Amino acid sequence: MSARSRLFAIAFLCVGAFLTPGGARGEVTLTLADEFPERGTPVAILLSGCEPGTEYTIDVTYRPNSETSFDETVGTVVADAYLATIPWQPLDAGITEVRVLHGEEKLTSRNVAVRFDRVPFSGILVFLGAGVLLFGGAMTSMRRALET
91 MSARSRLFAI AFLCVGAFLT PGGARGEVTL TLADEFPERG TPVAILLSGC EPGTEYTIDV
151 TYRPNSETSF DETVGTVVAD AYLATIPWQP LDAGITEVRV LHGEEKLTSR NVAVRFDRVP
211 FSGILVFLGA GVLLFGGAMT SMRRALET
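And the structure:
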């Protein structure tokens with residue numbers, strides 16, 4: 091590798107690191123200790139890139155953009171050395187939007203899929219009903235085709 095191509099590669103990496111989201115200081119990044127948390131099980135929400143001593147509020151919307159959506163305020167946390175951690179126990183399963191607020195300003199948000207803590211009984215009934223309709227219809231069609 092020539093010196094010119096090395097210089098180009100280093101410049102490319104530096105520009106890429108500068109343009110990567112969450113790379114800039116002061117830009118809050120939201121991560122969860124468990125990517126797919128389970129309903130009723132506590133999970134840690136981790137904030138990085140915070141300003142030390144700044145208070146952040148964590149809000150959650152269960153089933154956003156739905157008629158059955160509802161909001162929950164997880165709590166407030168004061169950043170310590172560019173990091174902050176707050177526990178969250180999901181109340182309901184499904185798609186959930188987790189938001190980080192500073193006052194009224196939304197700094198970042200993330201959609202999270204919260205899993206059920208057990209298999210829902212209604213889901214099993216729907217699955218069995220669909221199977222009966224599918225295979226019952228196929229069997230009826232096969233019987234009619236063989237009779238003719």
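For the sequence shown, the positions run 91 to 238 when my numbering is used.
The C-beta atom is built at its ideal place from N, Cα and C for all residues, glycine as well.
Predicted model only: the values in this text are computed from it and were never measured.
Ends of the beta strand (DSSP E) at residue i?
i      : result
Thr151 : 145-152
Ser199 : 195-204
Glu187 : 184-192
Ala177 : The amino acid occupying residue 177 in the given sequence is Pro; Ala does not appear at that position. Residues 173-178.
Val133 : 133-138
Glu125 : Taken as a continuous stretch (DSSP letters only), Glu125 belongs to no beta strand (DSSP E), as it is neither H nor E.
Glu162 : 160-168
Could you give the residue range of the alpha helix (DSSP H) that holds residue i?
i      : result
Thr230 : 211-237
Measure the alpha-carbon distance for residue i versus residue j and round it to whole angstroms.
i      : j      : result
Arg200 : Ala171 : 23 Å
Val133 : Glu125 : 9 Å
Val150 : Gly219 : 34 Å
Gly139 : Leu197 : 11 Å
Pro142 : Pro154 : 31 Å
Val188 : Leu236 : 57 Å
His192 : Thr144 : 8 Å
Glu195 : Leu120 : 15 Å
Gly226 : Phe217 : 14 Å
Val222 : Ala123 : 41 Å
Arg233 : Phe206 : 40 Å
Thr175 : Ser159 : 25 Å
Are the CB atoms of residue i and residue j nearer to each other than 8 Å?
i      : j      : result
Val202 : Thr186 : yes
Leu173 : Leu137 : yes
Since residue i and residue j are thought to touch, with beta carbons under 8 Å apart, how far apart are those beta carbons, to the nearest angstrom?
i      : j      : result
Val190 : Val118 : 5 Å
Exercise. Between the stretch 204-217 and the stretch 155-165, do at least 3 Cβ pairs fall closer than 8 Å?
Worked result: no
For this session: Report yes or no: do the stretch 175-182 and the stretch 116-130 share at least 3 C-beta pairs separated by less than 8 Å?
Result: yes
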